[in-house]
Structures are given as C-alpha cells and as structure tokens.
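Quick notes on the structure that follows.
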Amino acid sequence: MAISYGNGEPSLTINFATSPEQYFHWKLTLNGATATLAMDVQEDETLQDGYKLKLNSYDLGVDIELADAVQRLRFEHPEVKVVVITSLKPRIFCAGANIYMLGTSTHAWKVNFCKFTNETRCAIEDASHHSRQKYIAALNGTASGGGYELALACEEIYLVEDGNSAVSLPEVPLLGVLPGTGGLTRLVDKRKVRRDRADVFSTLAEGLKGKRAKEWGLIDDYFPTTKFQEAIDRRVEELIAASPKVEATGIKLHPLKIETTENGRDYRYVSLRLHREKRYGDLTMRAPAGDLPTTPEAIQAQGDAYWALQAYRELDDALLYLRVNEPEIGLVCLRTAGDIANLLAVDETLTTHREHWLIGEIILHMARVFRRLDLTARSFFAIIEPGSCFAGNLLELALAADRTYMLNDPAQKIELATSALNAGALPMSNGLTRLHSRFLAKPETVETILAHQGRFDTAAADAAGLVTAAPDDLDWDDEIRLAIEERTSLSPDALTGMEASLRFAGPETLDTKIYGRLTAWQNWIFQRPNAVGEHGALTNYGKPTQAKFDYRRT
Amino acid sequence: MSLYDRIPNNVNLSEDVRLQRALEKWLPNYLDWWREMGPDGFQEKDIYLRTAISVEPNGWAHFDYVKMPDYRWGIFLVPPDPDAKIGFGDNYGKSAYQEVPGEFRNSLRRIIVTQGDTEPASVEQQRQLGHTCPSLYDLRNLFQVNVEEGRHLWAMVYLLHAYFGRDGREEADELLQRRSGNPDKPRILQAFNQPCDDWLNFYCFTMFTDRDGKYQLSALAESGFEPLALTCQFMLTEEAHHMFVGETGIGRVVKRTAQLLQKTDDVRTVSGIPLEIIQKYINFWYTYSLDLFGGEISSNSADFFAAGLKGRFQEQKKYTDHIAVEGVVSIEAVEGERVITRDVPLRNALNEVLRDEYVKDSERALARWNKYLADEGITARLYLPSSRFHRHVGEYLNHHFDVEGNLISEAEFQRRVEEWLPTMADREYVQSLMVAVTEPGKIANWIAPPSSGVNNKPFDFEYVRL
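Chains A and B supply the protein sequences, listed in that same order.
Converting from the first sequence to the numbering used here requires adding 843 to each position, the first position being numbered 1.
Converting from the second sequence to the numbering used here requires adding 185 to each position, the first position being numbered 1.
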C-alpha cells in the first residue's frame, strides 16, 4: 500500500485493521506460555511514497501491526505469560521511526504518528501490568531511537554483547528533535536513570554498549552472542514459573464490519456522520438489545460479538479513522441511543465477573479506548436527548466530553445513570476516574453521585454538576447549533492546546508526562526551523548538506 | 387582554412560543422599571404622543393623547428580505445571516447589548427634567424621546430574546438592572452615566449623544445579520426626531441669547444663558460623544467589518469598494511630546471613518446656530472643539489638549479647564434658570419658542394635560 500523504491530503484512507496473516513486518510465534514478536520490517512495504524502511525502521504501518499483535495476544492467547520482542535482522534490533518519512510528512501526520505509537507502547505496559503478559525486550542488535524506546516500554531489557550493538537515543545530537515515544520520560521516571547520566546518554549519538549500559540502568543485563538466546530463554522460564497458571482459551478477534459512505461510517453499534461543510461530526453509540449473556461462559461463547467488546472496538476504530483520515472534522458530538436498563445490565455482569480473564480484558480494553478518546485532539460535546443512554460505561463518554448538553424537557424521559464501572474500572491517563478528575474541588461529590439512588433526570444531573448546560426544549436546537458553530470557528491549534490542558487535571503519571511532553515539546520542536527549516537537522538528515542552527535560545 | 394588545407586533409573536415566553416574562419587569426609573411625576398624565402602530408609511406616525405606561411599545420590524446579501467584508455577496452565526454570537451580542443599554440609560438620565420644563411643547418632546428610547430598548431586547437563547434572556434582564450613574451597577458607556439634570444638558445630549446613536444605528443597519439591520432601519426613523429636539433646542437657546444680547452685554442680568456657558456645554457633550465611537485604531472595528456585522455609514450608497482591505487612513496620534500622523489600515480605522461623518454632521448644525447669531448682529461665534480635546477613549486618552487640539501639559490643562468645560458655578447658574413653565403658549425666558408646533398644531396647543 503506497499512498502520498506527505504533501497534502491523503489519497487513500488509512486502515487500522490487520491480523497476523497479513503482517508484513512482524512475525508472531507462539510457544505455550511464550510469544515471540520478531520485527522484520520489509523496506518497500511503506504506507507512503518517498522512503524505504531500512534497518528495521518503522512507519505507521509497522506500528499498526504491532498494536494489533499486542491486542490479539490479550484476547486470543490468554495462555501467554511472557512476550519477547526481538528482531529477525542480523545485528539490528530496530532503528526507530523512519527519518525520511518524518522529514517528508505534514505536521499533522507526525503528531498523529507519534500519538499512535505512544498509545501502542502504553498498551504494552498496560498488558504487562494488568494482563499478566510480561513484555521483555531481547535486543539481539542495536536499538536506537524509537527502537530503544520500544525496549523501554518492556519490563526488562537484555542486550547482546557483540562488540557492536548498543542502545541509544540519537535524536538530539543527530536529528535536532526529541525521542518521540516517551524515551526521555521512561529513562528517568520508569528506569530511574540518574538525570546527569540520562543527559549524557541522550546526547551521545552512538549510545552505550552492554557493560556501561547496564551500569547506568539502561538495560537489565547483557550476554555474549553465543549465550544470548539461552539467557533469554532462561529468563522467560523464570518469569513463567513465577506467574500463576491460568486455564483459559482465547477468543478470536474478527475484522470489524464497516459500511462506509461519503459522509459516514456505520458499524453495528457505532455510527459516524460527518458534516464536512460545518466541520463537525456526530458519533453515536448504540446500547445492546435485550437477551444479554450474564455468565463468563456465555460471553466467551459470543466472543468478539459481545456488545461490550464489539462496540468499543468499533469506537476505537472510529476514533482512529477520524484522527488520521478526517483532519478537518474539528468537533465530534457524542450521542448514544438505546435502553439504559440494558447498559446497566451489561455493567452489572462485567462488575460481577471482573476477575474472569476475558471480562477483565474487556474492561481494560474499554478503559484504553476511553483514554484514546481523552487523547484525541478534537473537541467533544456530549449531546443528551430523549432516547439516549449515557449510563454506566457510556456515561464515561459524557464525562470525557469537553462539554455536556442535556435537554431539559420535563415532558420527556431524559436520564443519566452511574454504575460500578464509573468508580474506578476505567481510569484516565492521570490515574483518576473521570468523575474524580471532574470534581477535584469537591471529591465528596463523587461519592454522592455514585451513591445516588436511581437515575438522574436533567434537573438532578444539572444540580449534581454532571452537565454543562441544560437548555429547555424551546432553546435546545438553537443553543446546540450555536455551540457547534461557535466551537468550529475557533483556532484548531488553540483548541487542541486548551482541551489537552483542561482534560487532565490532577496528578501527573508516567502516561500524562509522556503525552504532555510529546505535545508540548516534541510538537513544538517539529515546527521549528532548527528541525524542519531549510537548514534544519531533520531536513538535512542524510543529505550532503549540514544543519545550520539558529543558536538563540527561546 | 390579548397577546397583541399587550405586545403589539408584526413578528408573528403568537406563533413563536419561545419568544412569547421570554417577552411575557420580561414585560412586567419592563413596566416596573418604567414606573421606577421613567419620567418622574407624569406617568398618569395625557400626553400628545406619536405612536408607531405598524411599519406602513402612515402607521409609524399616529398622533394622540396617551398615558406613557400605555404607550404601545411592542415590536415592529420592516419585513425581512429572504434574498438579502451581506453588503461588505470578507463574506461580501453571500446570503445575509437570518440567524446568528455561532462564530459571531458573542460579538453580536456585545454589539446589541451595548446599543440596547444606552436606551434605558438615557431615560434614567432624564427622569427629573419634566419638573423644570421651559414649555409644554418641550415637555411633550422630552416624553416623546423617552417613550421612543423605551421602544428602542424593546427592539434590542427582541433581538436578544429571539436570537440569543438563555444568554440573551439574561442580558435582557440585566438591561433593566443597570442604572445610569450608579457606581455599583453603572450603564456600560460613560456618557450615559453623566447626569442630565437641566434642559441645556438635555438638548446637548439629544444633539450630540443621540447623534452618535444615529451613526451607530446606520452602521448596524448595513449589517449582514438581517434581523439587526431591519431593526436598526426602523429605529433610525425615530432617532431623527430626537436629534431634531436637540439641534433645534440648542438653536433656540442660542437665538434667545442673541436676542437678549441686543439689550445687554451680560445676559445673566436678564435670566439668559451666556454664550460661554453654551460653548462649554457643547465642549463637554461633543467630546464625550466622540468617545462613543471607540478607539481611533481598533481591531474590533476590523473584525466586525470583516465578519459583515457592522458596516460604514451608508455603506451601500456611498462606497463602491465593500471589501476595504486596501487603503490606509491617516490618524493623528501622540508620540512622545508630539502629535504625529500614522497610517492605519482602513479596516482598523473604521471607528474614525464613522466619527468623521459625525463631525461633519455636527459642523453643519454649528453653522446653523452661528447663523442665528449673525442674524441678530452678534459677532461672537460658537465652535466645535478639536476631536483630541477632553477624550477618555482611544489615542488621546491620558494626554491633554486645548480646544484647538494643541498638546499641552496636564498642569496647563488644569489651569485652563474652567475656560473650556462647565464649572460647578456654570451648572448651578443654569440650574437656577430651570423653573417650570406649563401654561400653554408660554415659554421660559432663556429659550426662544419653536418656529412651528408638533403635527401642525400651534405652539400654544395643550401638548400635555396636567
């Protein structure tokens, strides 16, 4: 698939669906409780024209496959306890994001590329921490830039000692940009490398080899070439032995069925309608119909057709589609349709059986999709009207929205409801629930809301602080129209910055730091002449000309 | 009482539930405000008023005796033109906005609220004047102005209610809550917080401050937001009468002073108003009114023009280039110790362009008053001060100028300010002349009678039944 996105509009829609049989760049091998994800990037299988993926460098296409593999391992292979990430190329683990791809991409493309690859790395950590699938990096060759950052997303890092292989973050000295997938933050926050050593390491283009890398905490250990595989195998066995045995059979993740039209995208439970001239879209999630499975066995039998999994896979795909393929849709109105009782029934089942591996995965997946929404650089307004079902897990949509409009019409039934899932199962990147993040000034409000008996009608929701505005039926149409028109007229850049600043109140976590630093620093540097100007380092990379910096500090 | 009797209108109010609800809630509050803050002491009197009962040519000038609270305020709009186009700015030639475009909601609301706030403010400023009227003719004119300001408030409130949802209703309520001159809840514009407690002030106010209203309304009558344009067009027909009251009022004072000067050099001895005091009142109100046009260099004016919300005076009639992105306007600004000329992009100077129209119009009135002086053989002349003198907004703020526009020190200004602006003693003297004359056909000694009455009635007609 070759498309030209770099110089303008996408000529081909980027598709996020794939499966191991279709992978170009990764080989997934399963062996009992061990899975091996080996990188073998095909240099001509690029998503765009104008570059080759040499030395296991990657573009978005490579990362879509990695994200798919990580997701599939959780749902399809619960028996896997350890995932080894390694390379099939001799002496090279991974050279990171392809620099020529970055050099020819639009700013928006670079931003979305980095965001997605970060989400994949956070998903790897999420799997290590919550799915008892521990990721270890077996660096059988040099890991530079994004290659080392991928290793940093693993729980343990092992490097081959062959007199040549090293780990490095050469972005600053070579490219005049930053490691874009959380490398700097993970060095000091996750691996707790001393900051002066991290400083030296991050300006040392060739990086560090085994002995010094281990001393500084950049890797966990190093082994000579002939003993490398054996050492990895031994460590894998130790990890498997230390983790509890689970008897479980996975479920298959089938491709989503999507009907696309010029101005929309329809899934079974999700619809996206685009009003391109007005630069906004309606994203509607539908509740399940009745007759819902209530036991893990019945849910396992439904597999990926179970509402709580399918609807959120569809939402995830719709969000990714919007981000990459619809840059001009600046505002998304989040809507829901269906029976609140059915949604609350789903949440009750999920809550009751949350210790079951599959139910646990379904909830973790929901949480990841909501975090993807939180991190999406579009305005979100939740629109709550008769027939909507912002309840339990779908209430998170309203809580994730930048604003919430709820119709105030006593003649009609318009309600919100909470469930146990709102109390902690779906955390934001800041580690708090959306309710907590909303009511930082009055944390006791969260308890009051969660303890509320029955549903919230508009007056109760307004009084509880769950909605931004509650126009009555006479004002409703005009208020919504004006709110939409007003929002879409504002500077998209200022809105992105404002929304990201307001969405993540409360404490910092590794995740919020990574995304915050990425959007603040990396995206700034990506715009600066010292990176992308005529004499910028990124522009001149690989050319006979040298970068010339403007040495004035800001 | 039917809806139409309570709120006369031609906007199909009975079928617009939202608007009806908003206005019905607002109406009693408005009447309360009128009784509390409207003309003091004459609410139950019969007054010979002109009432608009429709937008037909003969419908807007219906004369009869009315008690002011029974004046049919209501809502009359020129019928909308569905094919109207935006007449200027970046969207020139596109269909006019029949509803508020979301991106301009706040700007438009600000424009309408600022204009709307002036209407009740002036009624409040003038509420005690009835007790000191120089004649029944003038008393009637005062009340005519007052009820029409009330109607203009209704017009602006109609826009807020019809097009701005809850925010609009809240703004409409606040229009009745602010009070002219109240330090805790003042009216928005400073000129509308100045006391207007004698008739010379009243004539100056209607001459100069209402004339600002004329130019603001004219600029808004060009608006691409069609409901605003239509409303302002109708308001302008009434604004003309207010300016007539002011211009002829000052003219009659000047004429009377000129007559008295035939008899004595010191008109104070015969209860006349000296020309110097008239000049100081002109200086005061003219310059405060210049402030109402806003800063000489303004990004708001550029934004409003670009968006098609506020045009120039007679945009369609007088101009051919309605885009106005090219060209500059020379603005005099202060730099260091000097007044320099600075070229400003046209769109950023539109406040100044509008102010220039106003200045020319004011000069025309000045010429007429000076003719009265000449006719009586008086050699002294009235003048308009420099538009840099006594300014509280824009480029000349915080600098001091004499009436000829020369930059002077603050000390110099303070030393000479009593030559230029009314002193407490001047105001007290004018106040001392304010004694009510309410016998039909009689008039106070400091002002000449009008050349003709209202609606072809004679001067001695009983315009107000006391």
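Every residue gets a Cβ at the ideal spot worked out from N, C-alpha and C, and that includes glycine.
N-terminal and C-terminal residue of the alpha helix (DSSP H) that residue i is part of
i, result
"LEU316/B", "First, the amino acid is wrong: residue 316/B is His here, not Leu. Here HIS316/B belongs to no alpha helix (DSSP H), and DSSP marks it neither H nor E."
"PHE867/A", "Counting along the chain, PHE867/A falls outside any alpha helix (DSSP H), and DSSP gives it neither H nor E."
"MET882/A", "Element bounds for MET882/A: not the alpha helix (DSSP H) but the beta strand (DSSP E), 877-882."
"CYS937/A", "Not the alpha helix (DSSP H): CYS937/A falls in the beta strand (DSSP E), residues 934-937."
"GLU209/B", "202-222"
"PRO1103/A", "Correcting the residue type first, residue 1103/A is Thr in the shown sequence and not Pro. Run containing THR1103/A: none in the alpha helix (DSSP H); it sits in the beta strand (DSSP E), 1102-1104."
Proximity of residue i and residue j at Cβ, strictly below 8 Å
i, j, result
"ILE1227/A", "ALA1241/A", "yes"
"GLU1405/A", "PHE867/A", "The structure shown does not extend to residue 1405/A, since chain A spans only 844 to 1397, so no value can be given for it."
"ILE260/B", "VAL196/B", "yes"
"GLY353/B", "HIS346/B", "yes"
"LEU1174/A", "THR1331/A", "yes"
"ARG917/A", "PRO863/A", "no"
"SER408/B", "LEU477/B", "no"
"GLU304/B", "LEU338/B", "yes"
"ALA1053/A", "LEU1002/A", "Contrary to the premise, residue 1053/A reads as Gly rather than Ala in this sequence. Yes; because the gap between Cβ atoms is below 8 Å, this pair is in contact."
"GLY398/B", "GLU424/B", "yes"
"LEU234/B", "GLN329/B", "yes"
"THR1179/A", "MET1128/A", "yes"
"TYR1149/A", "PRO1139/A", "no"
"ILE1398/A", "VAL927/A", "Outside the modelled stretch of chain A, which goes from 844 to 1397, sits residue 1398/A, for which no answer is possible."
"LEU1278/A", "MET1209/A", "no"
"MET341/B", "GLY278/B", "no"
"HIS585/B", "SER572/B", "no"
"TRP554/B", "VAL455/B", "no"
"ASN1273/A", "PRO1350/A", "yes"
Residue span of the beta strand (DSSP E) that contains residue i, given as start and end
i, result
"ALA1225/A", "1222-1227"
"THR236/B", "231-236"
"ASP275/B", "Per DSSP, ASP275/B belongs to no beta strand (DSSP E) and is neither H nor E."
"ARG1129/A", "1123-1129"
"THR1179/A", "1174-1180"
"ILE928/A", "925-930"
"LEU1115/A", "1113-1118"
"PHE248/B", "247-252"
Residue i: contacting residues in chain A (beta-carbon distance under 9 Å)
i, result
"PRO286/B", "LEU1325, GLU1328, GLU1329, SER1332"
Cross-chain neighbours of residue i in chain B, by beta carbon under 8 Å
i, result
"GLU1322/A", "GLY350, ARG351"
"TYR1335/A", "Looking at the sequence itself, residue 1335/A is Pro, so the reference to Tyr does not match. Residues of chain B passing the Cβ test: none, with the nearest at roughly 13 Å."
8 Å Cβ cut-off: residues of chain A touching residue i
i, result
"VAL202/B", "LEU1317"
"ARG290/B", "LEU1325, GLU1328, GLU1329"
"ARG206/B", "LEU1317"
Neighbour list for residue i in chain A, Cβ cutoff strictly below 7 Å
i, result
"ARG257/B", "The contacting residues do not exist; ARG257/B stays about 26 Å from chain A at best."
Under 9 Å by beta carbon: chain B residues contacting residue i
i, result
"PRO1253/A", "Here the premise fails: no neighbours, minimum Cβ distance about 15 Å."
"PRO1314/A", "GLY350, ARG351"
is_contact[residue i, chain E] using C-beta, thresh 8 Å
i, result
"VAL430/B", "You won't find chain E in this structure, because its protein chains are A and B."
- Message: Under 8 Å: do the region 1095-1107 of chain A and the region 909-920 of chain A share three or more Cβ pairs, one atom per stretch?
- Response: Contact holds: three or more Cβ-Cβ distances are below 8 Å.
- Query: So does the region 1062-1075 of chain A actually touch the region 1384-1393 of chain A, counting three or more Cβ pairs closer than 8 Å?
  - Reply: Counting C-beta pairs closer than 8 Å gives fewer than three between the region 1062-1075 of chain A and the region 1384-1393 of chain A, which falls short of the contact rule.
- Message: I'd like to know if the region 1010-1018 of chain A and the region 961-979 of chain A are in contact, where contact means that at least 3 CB-CB pairs between them fall below 8 Å.
- Response: Between the region 1010-1018 of chain A and the region 961-979 of chain A there are fewer than three inter-stretch CB-CB distances shorter than 8 Å, so the stretches are not counted as touching.
- Message: Under 8 Å: do the region 538-551 of chain B and the region 437-448 of chain B share three or more Cβ pairs, one atom per stretch?
- Response: At 8 Å Cβ cutoff, the stretches do not touch.
- Output the residue ranges of the alpha helix (DSSP H) runs that lie fully inside the region 325-364 of chain B and measure 4 residues or longer, sorted by chain position. As for any alpha helix (DSSP H) of minimum length 4 sitting wholly inside the region 325-364 of chain B, the runs are 350-360, ordered along the chain.
- Quick one: which unbroken alpha helix (DSSP H) runs of 4-plus residues sit fully inside the region 1179-1249 of chain A? Chain order, please. As far as the region 1179-1249 of chain A is concerned, its whole alpha helix (DSSP H) runs of at least 4 residues are 1183-1195, 1200-1217, 1238-1243.
- Task: Quick one: which unbroken alpha helix (DSSP H) runs of 4-plus residues sit fully inside the region 1072-1096 of chain A? Chain order, please.
- Result: Note on the region 1072-1096 of chain A: there is no whole alpha helix (DSSP H) run with a minimum of 4 residues.
- Item | Contained beta strand (DSSP E) runs [length at least 3] in the region 483-544 of chain B, N- to C-terminal order | Listed in chain order, they are 513-520, 523-530.
- Sufficient close CB pairs (3 or more, under 8 Å) joining the region 1367-1374 of chain A to the region 1033-1042 of chain A: Because the criterion of three Cβ pairs below 8 Å is not met, the region 1367-1374 of chain A and the region 1033-1042 of chain A do not touch.
- Does the region 623-636 of chain B come within contact of the region 235-249 of chain B, defined as at least 3 CB pairs closer than 8 Å? Below 8 Å, too few C-beta pairs join the region 623-636 of chain B and the region 235-249 of chain B to call them touching: fewer than three.
- Starting from the N-terminal side, write out each stretch of the alpha helix (DSSP H) that is 4 residues or longer and does not extend beyond the region 1041-1067 of chain A. List check, alpha helix (DSSP H) in window: 1053-1058.
- Query: Is the number of C-beta pairs between the region 380-398 of chain B and the region 304-324 of chain B that are closer than 8 Å three or more?
  - Reply: Counting C-beta pairs with one atom in each stretch, the region 380-398 of chain B and the region 304-324 of chain B have three or more that are closer than 8 Å, which means they touch.
- Any chance you could list the beta strand (DSSP E) runs of at least 3 consecutive residues sitting entirely within the region 996-1044 of chain A, in chain order? If we require 3 residues or more, the beta strand (DSSP E) runs fully inside the region 996-1044 of chain A come out as 999-1004.
- Segments assigned beta strand (DSSP E), at least 3 residues, entirely inside the region 949-988 of chain A: Runs of the beta strand (DSSP E) inside the region 949-988 of chain A: 977-982, 984-987.
- Message: List, from N- to C-terminal side, the alpha helix (DSSP H) runs of 4 residues or more that fit wholly inside the region 568-611 of chain B.
- Response: Here the runs fully enclosed are 595-605.
- Query: Taking three-plus beta-carbon pairs below 8 Å as touching, is the region 506-520 of chain B in contact with the region 528-543 of chain B?
  - Reply: Contact between the region 506-520 of chain B and the region 528-543 of chain B is present, because at least three Cβ pairs lie under 8 Å.
- Using 8 Å as the Cβ pair cut-off and three pairs as the minimum, do the region 1314-1332 of chain A and the region 1108-1127 of chain A touch? Under the 8 Å Cβ criterion, the region 1314-1332 of chain A counts as touching the region 1108-1127 of chain A, having at least three qualifying pairs.
- Message: Can you confirm whether the region 280-292 of chain B touches the region 357-375 of chain B when touching is taken to mean that 3 or more C-beta pairs between the two stretches lie within less than 8 Å?
- Response: With the cut-off at 8 Å, the region 357-375 of chain B and the region 280-292 of chain B do not touch.
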